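The sequence shown lines up with residues 1 to 455 when you count with full-length UniProt numbering.
Here a beta-carbon is modelled for each residue, glycine too, at the ideal position from N, C-alpha and C.
Predicted, not measured: the structure shown is a model, and the values here were computed from it.
What follows is a short report on a single structure.
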Amino acid sequence: MTELLAAANLTQQQTQEADLQEEQRQKEREEERIRKEIEALQLQLAATQKQSEKDKSDTREIQTPAFNSMLTQSTPHSYPPTPWHKDLKISGQIGEPGQKDRLTFSSLARQIEHGRSKGVPEPEIVDAVIRSIIPGMGLRSYLEGKANLTLPTLRRILRSHYQEKSATELYKQLTSEVQGIKETPQNFLIRTFDLRQKILFASQEDESGLKYDPGLVQNMFLHTVLTGLQNDNIKRDLQPYLEQTDISDELLLERMNTACAYETERQNKKKLLGQPRPATIHAVQSSDTPVKKSDKSPGQQNSVKLPPTVALQLEEMRSEMAVLRDLKAEMCQIRESMQQPQSTPQQPQLQPQHPLQQQVQYHPPTTSIAAPIHPPTAPVHYPTTPITAPIYPPASAPVQPVTKAVTAPVQLPTDTELAAGILVPSWSRTERRNCSISTKVRSTTQLSPPQIVDG
Numbered sequence: 001m002t003e004l005l006a007a008a009n010l011t012q013q014q015t016q017e018a019d020l021q022e023e024q025r026q027k028e029r030e031e032e033r034i035r036k037e038i039e040a041l042q043l044q045l046a047a048t049q050k051q052s053e054k055d056k057s058d059t060r061e062i063q064t065p066a067f068n069s070m071l072t073q074s075t076p077h078s079y080p081p082t083p084w085h086k087d088l089k090i091s092g093q094i095g096e097p098g099q100k101d102r103l104t105f106s107s108l109a110r111q112i113e114h115g116r117s118k119g120v121p122e123p124e125i126v127d128a129v130i131r132s133i134i135p136g137m138g139l140r141s142y143l144e145g146k147a148n149l150t151l152p153t154l155r156r157i158l159r160s161h162y163q164e165k166s167a168t169e170l171y172k173q174l175t176s177e178v179q180g181i182k183e184t185p186q187n188f189l190i191r192t193f194d195l196r197q198k199i200l201f202a203s204q205e206d207e208s209g210l211k212y213d214p215g216l217v218q219n220m221f222l223h224t225v226l227t228g229l230q231n232d233n234i235k236r237d238l239q240p241y242l243e244q245t246d247i248s249d250e251l252l253l254e255r256m257n258t259a260c261a262y263e264t265e266r267q268n269k270k271k272l273l274g275q276p277r278p279a280t281i282h283a284v285q286s287s288d289t290p291v292k293k294s295d296k297s298p299g300q301q302n303s304v305k306l307p308p309t310v311a312l313q314l315e316e317m318r319s320e321m322a323v324l325r326d327l328k329a330e331m332c333q334i335r336e337s338m339q340q341p342q343s344t345p346q347q348p349q350l351q352p353q354h355p356l357q358q359q360v361q362y363h364p365p366t367t368s369i370a371a372p373i374h375p376p377t378a379p380v381h382y383p384t385t386p387i388t389a390p391i392y393p394p395a396s397a398p399v400q401p402v403t404k405a406v407t408a409p410v411q412l413p414t415d416t417e418l419a420a421g422i423l424v425p426s427w428s429r430t431e432r433r434n435c436s437i438s439t440k441v442r443s444t445t446q447l448s449p450p451q452i453v454d455g
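Laid out in structure tokens, this is it:
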């Protein structure tokens, strides 16, 4: 039994070893097969790369000038092949003429020429220009609806839209340009630069009838700058450079800045020299007049130094103060004379104008006044013109003319008399000023009739 078991175990071990060896052989075969497939794929990839290189070389040999000419002949309306490029974009927007924040015609024309130099087709340039117009403008809608629009036609339309002047008008404007009142010399020079470039650009247009020579325009430009500057010192400093026709723009700008800097320094020095110097006053005294000792020391006397203009103004102020003091004294004298009462008032001269007209003077009322007396609120003044009252006697009495003036004392009527309508005699100005009512009657009383003294 033991031998049988040992033989069975041995056979089982042998079979297991045989199985392991078989599996190992299969793995080796699989690895070898995979390796061969990889090598085959590598060879195939190398062959395809070689084939692609051959195809590229063949296409390069085929694309000859003759072949390109055949392509252009077969498609006459097509454009020559161009390298890859971005779409042309106009920097800025086209607006109404005269707007400062919009694109100018000269800048637009420069961008168009730059696109043409890069080989951009004209239809693409036309589309880019139309896209740069502000949406909503009538010009954009007109150009978008226009068929077969070419670049020269578009430039003529835009020139008319910007209301650009012709070369002749611009040249005439250049001859009469001058520096403005508030314009700096640098700004004037740049403005003439721009005008010169506009003349040259306008004369190069196809529709321009008159062509201006660049040398002629340059000479006129230099002459305009020389005669248009306002400052004579800057003009004198720039004259040697403006006489050179071949001078560059950047050099002329540098010389202009230098001349302006010199002129500014010159003006600053002139202001410093023009300041008033302090005036020193020395007292001169003859030997005949006695010398008065002053309480102030010599140092204090010499310390007061005033400019001549300030000293003159001080003298004028002192004279005006003296005049004001005199006027004040006169006003005080007039006020005192007006306030002093007169001792004997002058009696008015009574001259009747008509036998029936007599001047009367009134006595105060004889009846006692029962009403309380209150102080007046304001002084009452009476008119200056003499008042005459016609007195009509009764019909039975004969009319006799007045031959003697009234001798009764002059008395001032009260408020009740004035309210009753009794006439007031004439007074002089001094009497009327000195007279004032001290009491005011609040109730009405019976008044005695005026007394007339006949001759």
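For the pair Q111 and R102, the CB atoms are not nearer than the 7 angstroms cut-off. Taking all protein chains in view, the Cβ of M317 is surrounded by fewer than 16 other Cβ atoms within 10 Å, so the residue is classified as exposed. C-alpha of V120 to C-alpha of L88: approximately 8 angstroms in a straight line.
A direct Cα-Cα distance of roughly 13 angstroms separates G98 from S106. Separation of the CB atoms of L229 and Q179 is rounded to 6 angstroms, and the pair is thereby assigned contact status at 8 angstroms. DSSP places S132 outside any alpha helix (DSSP H), giving it a letter other than H or E.
The way I'd put it, the region 219-227 does touch the region 170-190; three or more beta-carbon pairs between them come closer than 8 angstroms.
Under the rule that a run must span 3 or more residues, no beta strand (DSSP E) segment is found entirely inside the region 141-217. Between L195 and A167, the gap from beta carbon to beta carbon reaches 7 angstroms or more. Cβ contact annotation for E23 (same chain, cutoff 8 angstroms, sequence separation greater than five): none. DSSP, reduced to helix, strand and coil, places I90 outside both helices and strands of the structure shown, so it counts as coil. In the structure shown, the three-state DSSP call for V120 is coil. At the C-beta level, T192 and T227 stay beyond 7 angstroms of one another. Taking C-beta separations shorter than 6 angstroms and ignoring five residues to either side along the sequence, the partners of I247 in its chain run Y241, following chain order. Between I199 and L158, the CB-CB gap reaches or exceeds 7 angstroms.
In this structure, the alpha-carbon of C332 lies about 10 angstroms from that of D326. DSSP places L222 in the helix class (H, G or I) of the three-state scheme. When the beta-carbon positions are compared, L139 and I130 stay at least 7 angstroms from each other.
Rounded to whole angstroms, the separation of the alpha carbons of E96 and E265 is 44 angstroms.
Note on E164: 16 or more other CB atoms within 10 angstroms of its CB, so buried under the neighbour-count rule. The C-alpha of P135 lies about 13 angstroms from the C-alpha of A128.
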